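full-length UniProt numbering applies: residue 3 is where the sequence shown begins, and numbers increase by one.
Note that the Cβ used here is the ideal one computed from N, Cα and C, for glycine as well.
For clarity, every value in this text was computed on a predicted model and none was experimentally measured.
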Amino acid sequence: PPTIGVLALQGDVREHLAALRATGARARPVRRPGELAEVDGLVLPGGESTTMGKLAERFGMLQPLRDAVRAGLPAYGSCAGMILLADTVLDAPADQVTIGGLDVTVRRNAFGRQVDSFETAVQLAGVPGPPVHAVFIRAPWVEAAGPDVEVLGRVEGGPADGKIVAVRQGRLVATSFHPELTGDSRVHALFVELVREATAMRARDHASSAGA
Ligand code: GLN
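So, in structure tokens, the structure goes:
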């Protein structure tokens, strides 16, 4: 099985490790560049994106994270993790640093005071079965998505009707919500499958260049 890291600077690391293991993947926390180099995919957990960005800088992880994502490391960002992967962040403090790579504009804390935290069912493309139970906690939404971004899910009904809350672009996946808090590992399974494919593709590339 692939080995998937969870960026463990801040946030709900433990829950993501458990959700990944429930899919049959190996999962381990990642705090240092050396640990990042050893994983086949990376989860950026929920938490507080400004704090995570600052800690990544302080631990010498920011550039390695940017380089890894640009080099094609599969990554899945949940909530704060979605913000870290976004190319553009609205309502961010001036000193917010991000990893980037995902061609979206996200708005932080987008759902506003009244619906700061809420739960609803979201139907996700690529996730078989009933809609996932989506838990939103001071969540961002995707305000604009580039042409290569596939929208996987939107809120249906209520004040945020139609807002994009799950996306994929190549090897990057992001959700506004927290599947790791629900005991349903289907979103993690989708990501693990993507990592498996990316890992197999890399192995083929290596084999063919070695044979050349
Ligand atoms: N509001 C947080 C941020 O901007 C995200 C909240 C979360 O991850 N649950 O980073």
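Look at residue i and residue j and say whether their C-beta atoms are less than 8 Å apart.
i, j, result
"valine 134", "valine 189", "yes"
"methionine 63", "proline 35", "yes"
"methionine 84", "proline 142", "yes"
"glutamate 40", "threonine 90", "no"
"leucine 22", "valine 45", "yes"
"alanine 20", "valine 194", "no"
"arginine 173", "alanine 136", "no"
By a C-beta neighbour count over all protein chains shown, 10 Å radius and 16 as the cutoff for buried, is residue i buried or exposed?
i, result
"serine 187", "buried"
"threonine 53", "exposed"
"proline 149", "exposed"
"proline 76", "buried"
"aspartate 207", "exposed"
"proline 181", "buried"
"arginine 204", "exposed"
"glycine 55", "buried"
To the nearest angstrom, how far is it from the Cα of residue i to the Cα of residue j?
i, j, result
"leucine 102", "valine 129", "Note on identity: in this sequence residue 102 is glycine, with leucine being the wrong assignment. Cα to Cα, glycine 102 sits roughly 25 Å from valine 129."
"leucine 126", "glutamine 171", "15 Å"
"aspartate 118", "alanine 209", "50 Å"
"alanine 202", "proline 161", "42 Å"
"histidine 18", "alanine 82", "13 Å"
"alanine 24", "leucine 183", "13 Å"
"arginine 60", "valine 99", "12 Å"
"arginine 140", "glycine 74", "29 Å"
"threonine 107", "valine 151", "11 Å"
"tyrosine 78", "leucine 9", "11 Å"
"asparagine 111", "valine 15", "21 Å"
"histidine 178", "arginine 72", "Here residue 178 is serine; the residue named in the question, histidine, does not match the sequence. So the alpha carbons of these two residues sit roughly 22 Å apart."
"threonine 122", "aspartate 97", "32 Å"
"valine 124", "serine 211", "43 Å"
"valine 175", "alanine 88", "11 Å"
"glycine 13", "phenylalanine 120", "19 Å"
"proline 31", "glycine 131", "30 Å"
"glycine 114", "glycine 185", "26 Å"
Report all residues from its chain with a CB closer than 7 Å to the CB of residue i; omit the five preceding and five following residues, and keep chain order.
i, result
"arginine 156", "Gly164, Lys165, Ile166 and Val167"
"residue 253", "In the structure as shown, the chain begins at 3 and stops at 214. Residue 253 is therefore absent and cannot be evaluated."
Roughly how far, in whole angstroms, is the beta-carbon of residue i from the beta-carbon of residue j, given that I think they are within contact range, below 8 Å?
i, j, result
"leucine 11", "leucine 57", "4 Å"
"glutamate 50", "glycine 7", "No, glutamate 50 and glycine 7 are not in contact; Cβ-Cβ is about 19 Å, not under 8 Å."
"aspartate 105", "alanine 70", "So it is not a contact: roughly 18 Å between Cβ atoms."
"glycine 43", "valine 197", "4 Å"
Which residues in the same chain have their Cβ closer than 6 Å to the Cβ of residue i, if we skip the five residues on either side of it in sequence?
i, result
"alanine 191", "Thr25"
"glutamine 65", "none"
"proline 3", "Gly26, Ala27 and Arg28"
"leucine 92", "Arg109"
Among the residues of its own chain, which have a CB less than 8 Å from the CB of residue i, if the five just before and after it don't count?
i, result
"glycine 159", "Thr122"
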